[in-house]
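Chains as they are written, first to last, in the numbering used here: chain A, 4 to 385; chain B, 90 to 183. Where a beta carbon is used, it is the ideal one built from N, C-alpha and C, also for glycine.
As structure tokens, this is what we get:
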């Protein structure tokens, strides 16, 4: 996925330049901010290797360039090496987005030979106990050894650190660890509050002061390291006055395919009810992108309501995030409530106010586990 | 990674190996691909980047482009190389 602050060509000429493949929703970790659906365990029928190859061919024919293999944990599939090599043949720039678990030196080498361009490894803290506690598994040592092996084999690496209250105070230590590892990029990814993360929002959301302290650490490290390490750090949208230009607009440059073959405008879009997401098993990628009702639903500006409709910034942020609008206001066509012009903006303000409420009752984190919560209210059938 | 701020005339220039520079038929444009990013390069930028092949020096690149366009493009090429270097697209070959 393109990152806030990274350089993205905004004009995709209507081409899905960015293809994200969610190979599986299975994962050995239990991260309580997981972006996968709450009923992830229902998605048992994963696309076959041949299905994925067809998706890759059709995507490339349409002009897709950047390719992300993600999940769940993509390394739980035994065909990643084969698909990486195939995607390179087709001309993609292949990125692997991984927890590092299952990434053996042999598999890394096979992917290097297959033309894998870079690896994005998640790391939650520079502290072993905090990391293990946050992901609900004993994996810190393994992650570090994988990080060293990735660099040993000469891959460019992005260290992805999901930022929350539990680790934001360690920003300086995490930056030092990243420097030690020799990564080219580190991204402090603000947790986006959908699915599992939304369940745990009150526990995760840092205070404005904590964010500002972290920004100082980032600034100082940037000055010290210069071009040696690129640091992405953008304040969470909850602390902003205007929404993010989510995905550069709905159906603008992004196409995500879920493990079951569902085509999604973003990795969270499944939460929007009333949509029948077209499957690559039933339709061509071309039809899905250009003709399907889902991908056309929020293109352009026709769908917009007030205050977006008459707003002079609508071309800049496209009204923000459709998923956030749905989850917080009940209507995906509403203005993203992060915007201070939204009539629902108080929802955001009260969440932020809660971060400094000293009487707030702390609750245990809900970890991503089958059965952790009842998902009867979801309509997924498989 | 290269730490120098400016590029000297005698430096040999190459595309940063982390970047992939090529023509894209569907976009009808040259693109630079890098970890999680895409940059579309305009025609003149592409003409310059094509010469950043790890063999030519800045002086050679400029002289070749001066010949090609039959006009003095020294300033604009230098400016582009500086920007491209600052963005990490190119580096001096050591």
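Mind checking if residue i is an interface residue toward chain B, Cβ cutoff 7 Å exclusive?
i	result
residue 77 of chain A	no
residue 159 of chain A	yes
residue 350 of chain A	no
residue 377 of chain A	no
residue 41 of chain A	no
residue 8 of chain A	Note on residue 8 of chain A: pLDDT 36, under 50, position unreliable in the model; the coordinate value appears next. With 7 Å as the cut-off, residue 8 of chain A does not count as an interface residue toward chain B.
residue 23 of chain A	no
residue 322 of chain A	no
residue 374 of chain A	no
Counting only Cβ pairs nearer than 7 Å, list the residues of chain A close to residue i.
i	result
residue 172 of chain B	Near residue 172 of chain B there are no residues of chain A at all, since even the closest Cβ is about 12 Å away, more than 7 Å.
residue 177 of chain B	230
residue 120 of chain B	68
Since residue i meets chain B, which of its residues come closer than 7 Å, beta carbon to beta carbon?
i	result
residue 121 of chain A	124
residue 188 of chain A	124
Please check if any C-beta of chain A sits within less than 7 Å of the C-beta of residue i.
i	result
residue 109 of chain B	yes
residue 101 of chain B	no
residue 90 of chain B	Per-residue confidence for residue 90 of chain B stands at a pLDDT of 43, beneath the threshold of 50, marking its modelled position as unreliable; no derived number is given.
residue 104 of chain B	no
residue 93 of chain B	Confidence at residue 93 of chain B is low in this model, with a pLDDT of 47, below 50, so the placement of that residue is unreliable and no value is reported for it.
Report the neighbours of residue i on chain A: residues whose CB is nearer than 8 Å to its CB, in chain order.
i	result
residue 96 of chain B	Within 8 Å Cβ-Cβ: nothing; residue 96 of chain B doesn't reach chain A, min ~13 Å.
Starting from the beta carbon of residue i, find every residue of chain B whose beta carbon is closer than 9 Å, and list them in chain order.
i	result
residue 65 of chain A	115
Bridge partners for residue i per DSSP, in chain order?
i	result
residue 69 of chain A	A/21 and A/96
residue 146 of chain B	B/101
residue 418 of chain A	The requested residue 418 of chain A does not occur in the structure, where chain A is confined to residues 4 to 385.
residue 176 of chain B	Looking at the DSSP assignment, residue 176 of chain B forms no beta bridge with any residue, so it has no partner.
residue 267 of chain A	A/259
residue 350 of chain A	Answer is none; residue 350 of chain A lacks a bridge partner.
residue 120 of chain B	B/111 and B/129
residue 169 of chain B	According to DSSP, residue 169 of chain B bridges with nothing at all.
residue 235 of chain A	A/190
residue 181 of chain B	B/102
Would you say residue i touches the ligand HEM, meaning its beta carbon is less than 6 Å from a heavy atom?
i	result
residue 311 of chain A	As far as ligands go, the structure on display features none, and thus does not contain the ligand HEM.
Checking contacts by CB at 7 Å: is residue i closer than that to chain E?
i	result
residue 153 of chain A	In the displayed structure, chain E is absent; the protein chains listed are A and B.
Q) Hey, which unbroken runs of the beta strand (DSSP E) at 3 residues or more fall wholly within the stretch 74-140 of chain A? A) 96-101 and 121-125
Q. Looking at chain B, which residues of the stretch 80-101 of chain A have a Cβ within less than 7 Å of any of its Cβ atoms?
A. 96 and 98
Q | Minimum length 4: unbroken alpha helix (DSSP H) runs contained in the stretch 135-213 of chain A | A | Here the runs fully enclosed are 143-155, 174-184, 198-202 and 204-207.
Q. Which runs of the alpha helix (DSSP H) fall wholly inside the stretch 250-335 of chain A and span at least 4 residues, in chain order?
A. Within the stretch 250-335 of chain A, the alpha helix (DSSP H) runs of at least 4 residues that lie entirely inside it are, in chain order, 288-293, 296-299, 317-320 and 325-332.
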